[in-house]
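Below is one structure, written out as structure tokens; comments come after it.
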Amino acid sequence: MGSKEVVIIGGGIAGINVAITLADAGFAVHVIERETQLGGHAVNFACKATEKCNKCLVCLADEDTLKAYQHPKIKVWMGSKVVSFSGKPGDFELRISHTTGKESSFEELTLKAGAIVIATGYTFFNAEEKKEYGYGKYKNVITAIDLERAFRVDGKIRRLTDGAIPKKIAFFQCVGSRDESIGRGYCSKVCCPYALRLSKLIKSEIPDSNITIFYMDIQPTGKDFSGLRKSCEEMGIKFARNLPSKVYGYSDSGVLHVKCLDNETGEVVQREFDLVVLSVGMSPRDDAKFLADLFGIDQDEYGFYKGRDYFSNLSNVPGVFLAGTCQGPKDIGESMVHGKAAVAEVTKMFASFS
Amino acid sequence: MTKKISKTGIFIYGFEGKPGKVLGLDEACSSLGALGFVCFKCPSSFFPGEMNDFEKFLKKNKLSKVVVAGCGLRIKEPVFRDSLKKMGLNPYLITFANLNEAVVACGDKSEATKKAVALIIKAAKWVETQEPVEIQKVSLKREVLVLGGGIAGIETALTLAEGGLSVILVEEKSHLGGGAAEVGNLKNWTRDKVETLKKNERIKVILSSNLVDLRGNAGGFTVKIEGAQELTLEVGAIVVAVGYEFVLPVWKLGENSKSLIIGQKELEKRLVSDEKLSQRICFLADLVDEDLKISTRALLRQALLIKEKFSSDVICFCKDLKVSFNGGELLYKRAREAGILFFKYAEKPEIKFLNNAVEILLINEDYPHEELVFESDLLVVGEKMMPGKSFEGLAKLLSVDLDLNGFFQEDNVKILPTKSSRKGIFFVGGCRLPQNIDETLSEARGTAGEILSFLSKGEIELDLTSAKINSDRCILCLTCVRTCPHGAIIIDQEEGTAKVVPIACQSCGICASECPVMAIELPLYTNAQIIGQLSDVVGEAG
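Each protein sequence line maps, in turn, to chains H and A. First residue of the first sequence? That's 1 in the working numbering, and the numbers climb one at a time after it. First residue of the second sequence? That's 1 in the working numbering, and the numbers climb one at a time after it.
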């Protein structure tokens, strides 16, 4: 009983993994993607290999995306969104609106599904909210995501004001994470790993650059993370345990003055940097509430969808499952595993029908 | 039999950006055409997935073999192969000439074009000697063996069983639950899980037993279990979820140190048994292992519990406070609000013993870098998570590797963190990497999802691109059997030759390069093809 069709909302790392794994198991899968390409944020990130692979897993997004495009059992609906939802587990009906390919022309259609997997992902913290860091005001203050894109597209990083090679670079950790003053009392998990890998990448591209990472606590992920940190220290990347309070851009030269603590003397000083990189954290999507209301699923105090317990893929609505970062911050590997776990839950539900 | 005329076509696409500018595509096409190749230059709007141009090109020219030349081809290969399959052609009679780096490096247009043409001709020669690759159906066993009855093993077994597969769970000890059964806040949860597991008809639990022998490959392993029960089973996949061990760092500090320094695990026991604890308690984290978040979570929970129960003075020392787990930051905040003090150190603290107390000296990493001295009645230290004693033997039995620290080595984090180097064998939980319960359970379910997807259809279609052994040449020296990292080569006793099991082979080519009598070949990299290319390079020079 129950149609062996599954609708996945969101075609990022988690959604794609759910789609491929379910399709391999013989399910007919629809992927609803609001953008015009699959892969989510990760396809815009840069490979962070220096002289060897640094295991950032970004290449995975490209490979998985392709697998999803070509799988005969996966139908991808680009530029589409869910309009309404009804039915019960095993027999849902979704109305979606999708672009027909022509400019701004939409059409609505109905999809049937036995189960629905929500994998809508996250959005980056809007760095402009931290006014004191001057993102949006000073061109040489960028987010780590801008840096990722620069490496992905141009393969290099230059100062936006004058195109010069940046020599003194600062990373600010926990921008939009671990900060209750802006309503984010959680750690985003991914910023420490990506900042360390990006700083290694910069250092290997610009060997005479001077990189300082301002941080509270370094959060490890995966095997031998202390080895990664050690390799950063060996390359000459400096770690300073304090978060700067303000960035000033006094002159037109593009030089930034960062107000921070001198860890040796304990005095508040202003240090000059060519480039400031804000390690922005993960936030729930702006439209997370829309889907929550549509499906009747609970959100946690920050707006992420609430799993039943311990990273569970089960939402409070039977037949509606969660996968990936829409449920809380996860790195690429964890999103992948979480997606596969959603597959297990979907399979369990269908097995219980028969 | 009529002789098939195989015609090779050249399909060029995807030259945007720099390669497009340095390469004279039209010149390249005309010089290839002069050599008798059928050439097609794709409009720049071509996107893999919409293969009309490609399919039309093949049909129109009645081609059976094709070279695709372009940029960044590696990840697009399957699209082209799939397209061939759809047209009823063998998906392996195609080869790819990746021109990106070679062409960009030239700079000069005529030189770049010449180079591109040379590379395309090389690829065409390659595909001309390519044999079609066959497809084989293999049936898969729908049973799974789970080793280890801790929470990782239990969750994997339950998910698999509820998803429709049969599970045999083998536990070394005489009870289920593992380490979590001894942790205060997980005790009840674990007990409930064990009860659910016992009730599930699809799960067979075998206690006080071990895996002693393994044969076969993914989809059809034959395993032998010994201990309380002796039996031989056939399973389609194996999940290793055995537990790790806690080891307290060694202290050369005299006899009385034992009562003053305990591990977090020992503290947990005292907390569960409601023992009264001393007034001044210090925690020391990150001393032996900086990579694990699991002890930080336990530390925060235990510190809060002590504070609330006994209103003791609680002080924590750590290198970094690891809050990158569910609710971590809020737990840390609650601890600080409850009056627990946190100090961070860069250099390892010094520990001295007084009569009935421990003295901890450390330099505070925060300004003003003072040397701080604390006296404590009890010092709780985070243990080192060590590989279990059984890991080495088990790894040998399964023909998988351990990492530098002695834990199970995943094949490649990029594929799925829980996959081993052998198809059909997975590592879940602490045997690969000790993690928090959220992550461990997610891994267990994720692995179950992967296995459900793999086994539930009962059979699989394989493209036989796996290594092939020429039985006439094989001298049974066992070199391939020993060097294969995927356990994919077996000995066929009757025929007296080594044989590759296609489902397990990952086409790495190690056996082909190691075989002393050149009896092994990869169908997509035959000796003839490689020698052909080499003689092109060397031949001219003589």
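Just so it is clear, CB atoms sit at the ideal spot from N, CA and C, and this is done for glycine as well.
* **Three CB pairs or more closer than 8 Å across the region 149-165 of chain H and the region 12-31 of chain H** => Under the 8 Å Cβ criterion, the region 149-165 of chain H does not count as touching the region 12-31 of chain H, having fewer than three qualifying pairs.
* Hey, could you find the ends of the beta strand (DSSP E) THR113 of chain A is sitting in? => Element bounds for THR113 of chain A: not the beta strand (DSSP E) but the alpha helix (DSSP H), 109-128.
* To do: Indicate whether at least one CB of chain A lies closer than 8 Å to the CB of ARG178 of chain H.
  => Yes, its Cβ sits closer than 8 Å to a Cβ of chain A.
* **Three-state secondary structure assigned by DSSP to GLU182 of chain A** => DSSP places GLU182 of chain A in helix when its eight states are reduced to three.
* **Cutoff 6 Å; reference GLU334 of chain H; Cβ partners in own chain excluding five residues on either side** => The beta carbon of GLU334 of chain H lies closer than 6 Å to none in the same chain, with the five residues before and after it left out.
* Asked: Starting from HIS338 of chain H and walking both ways along the alpha helix (DSSP H), at which residues does that stretch end?
  -> According to the DSSP assignment, HIS338 of chain H belongs to the alpha helix (DSSP H) that extends over 332-353.
* Whose C-alpha, out of A:GLY149, A:LEU341, A:PRO434, is nearest the C-alpha of LYS223 of chain H? -> Out of A:GLY149, A:LEU341, A:PRO434, A:PRO434 has the C-alpha closest to the C-alpha of LYS223 of chain H.
* Asked: Per DSSP, GLY227 of chain A is paired with what?
  -> Answer is A:SER209.
* **Buried or exposed by the 16-neighbour rule on C-beta atoms within 10 Å, applied to MET1 of chain H** => Here the model assigns MET1 of chain H a pLDDT of 41, short of 50, so the residue's position is not dependable, and the following value carries that caveat. Classification of MET1 of chain H: exposed, given that the 10 Å Cβ count is below 16.
* **Distance between TYR525 of chain A and PHE88 of chain H (C-alpha atoms, nearest Å)** => The sequence given here has Lys at residue 88 of chain H, not Phe. Rounded to whole angstroms, LYS88 of chain H to TYR525 of chain A spans 52 Å at the Cα level.
* Just by C-beta distance, which residues in the region 307-325 of chain A are closer than 9 Å to chain B? -> No chain B appears in the structure shown, which is made up of the protein chains H and A.
* Asked: Under 8 Å between C-beta atoms, does GLY429 of chain A make it to chain H?
  -> Chain H, which has no Cβ nearer than 8 Å to the Cβ of GLY429 of chain A, makes this no.
* To do: Please name the residue or residues paired with VAL170 of chain A in a DSSP beta bridge.
  => Looking at the DSSP assignment, VAL170 of chain A forms a beta bridge with A:LEU147, A:ILE206.
* Can you tell me whether DSSP reads GLY339 of chain A as helix, strand or coil? -> In the structure shown, GLY339 of chain A sits in coil (DSSP, three-state: anything other than H, G, I, E or B).
* On the premise that VAL288 of chain A lies in contact with ALA303 of chain A, defined as a C-beta separation below 8 Å, what is that separation, rounded to the nearest angstrom? -> Actually they are not in contact, since the Cβ atoms of ALA303 of chain A and VAL288 of chain A sit about 19 Å apart, beyond 8 Å.
* Inter-residue spacing [alpha-carbon to alpha-carbon] between GLY424 of chain A and LEU452 of chain A -> Taking the straight line joining both Cα atoms gives about 11 Å.
* What residues match up with ARG215 of chain A in a beta bridge as DSSP calls it? -> Note: ARG215 of chain A is bridge-paired with A:THR222 in the DSSP secondary-structure output.
* To do: Jot down the residue ranges of each uninterrupted alpha helix (DSSP H) in the region 246-309 of chain A, minimum 4 residues, whole runs only, in chain order.
  => For secondary structure counted as the alpha helix (DSSP H) over 4 or more consecutive residues, the region 246-309 of chain A holds these complete runs in sequence order: 257-260, 264-272.
* To do: Can you have a look at GLY26 of chain H and say buried or exposed, based on whether 16 or more other CB atoms are within 10 angstroms of its CB?
  => Looking at its Cβ environment, which holds fewer than 16 other Cβ atoms inside 10 Å, GLY26 of chain H is exposed.
* Rounded to whole angstroms, how far is the Cβ of VAL242 of chain A from the Cβ of LEU394 of chain A, which I believe are closer than 8 Å? -> Going by Cβ atoms, the distance from VAL242 of chain A to LEU394 of chain A rounds to 7 Å, so yes, they are a contact pair.
* Residue interval of the alpha helix (DSSP H) (run including LYS203 of chain H) -> 191-205 is the extent of the alpha helix (DSSP H) around LYS203 of chain H.
* Asked: If ILE297 of chain H sits next to TYR305 of chain H, beta carbons under 8 Å apart, how far is it from one beta carbon to the other, in whole angstroms?
  -> Separation of the CB atoms of ILE297 of chain H and TYR305 of chain H is rounded to 6 Å, and the pair is thereby assigned contact status at 8 Å.
* Contacting positions in the region 68-93 of chain H - beta carbon closer than 7 Å to chain A -> If you check each beta-carbon in the region 68-93 of chain H against every beta-carbon of chain A, the ones closer than 7 Å belong to TYR69, GLN70.
* **GLU375 of chain A, DSSP secondary structure in three states** => Strand, per DSSP.
* To do: Find out if the Cβ-Cβ distance for the pair SER139 of chain A, VAL170 of chain A is shorter than 8 Å.
  => Cβ atoms of SER139 of chain A and VAL170 of chain A: not closer than 8 Å.
* Asked: chain H beta carbons: is any one of them nearer than 8 Å to that of THR159 of chain A?
  -> Chain H contact via Cβ: present.
* Smallest Cα separation from LEU38 of chain H: which of H:LYS55, H:ALA49, H:ALA14, H:ASP24? -> Answer by Cα proximity: H:ALA14.
* Taking any Cβ of chain H, which residues in the region 325-352 of chain A have a Cβ under 9 Å from it, in chain order? -> Cβ proximity to chain H below 9 Å picks out PHE325, ASN326, GLY327, GLY328, GLU329, LEU330, TYR332, LYS333, LYS344, ALA346 from the region 325-352 of chain A.
* Looking at ILE261 of chain A and VAL373 of chain A, is the spacing between their C-beta atoms short of 8 Å? -> In this structure, VAL373 of chain A sits away from ILE261 of chain A, with a CB-CB distance that is not shorter than 8 Å.
* Answer yes or no: do LEU94 of chain H and ALA113 of chain H have a C-beta to C-beta separation smaller than 8 Å? => Cβ distance < 8 Å, so LEU94 of chain H and ALA113 of chain H count as in contact.
* Asked: Taking 8 Å as the CB-CB cut-off, is ALA528 of chain A touching chain H?
  -> Answer no: the Cβ-Cβ gap between ALA528 of chain A and chain H never drops below 8 Å.
* To do: With THR123 of chain H as the anchor, note down where its alpha helix (DSSP H) starts and where it stops.
  => Counting along the chain, THR123 of chain H falls outside any alpha helix (DSSP H), though it belongs to the beta strand (DSSP E) covering 122-124.
* Asked: According to the Cβ coordinates, are ASP119 of chain H and CYS326 of chain H closer than 8 Å?
  -> Note that residue 119 of chain H is Ala in the sequence shown here, rather than Asp. Contact: yes.
* Using a C-beta cutoff of 8 Å, does ASP411 of chain A count as contacting chain H? -> Taking 8 Å as the CB threshold, ASP411 of chain A stays off the interface with chain H.
* Less than 8 Å between the CB atoms is what I'm expecting for LYS293 of chain A and ASN436 of chain A, so what's the real figure, rounded? => So it is a contact: roughly 6 Å between Cβ atoms.
* For the region 29-37 of chain A and the region 84-98 of chain A, state whether three or more C-beta atom pairs, one from each stretch, are separated by less than 8 Å. => Fewer than three Cβ pairs drawn from the region 29-37 of chain A and the region 84-98 of chain A lie within less than 8 Å of each other, which leaves the two stretches out of contact.
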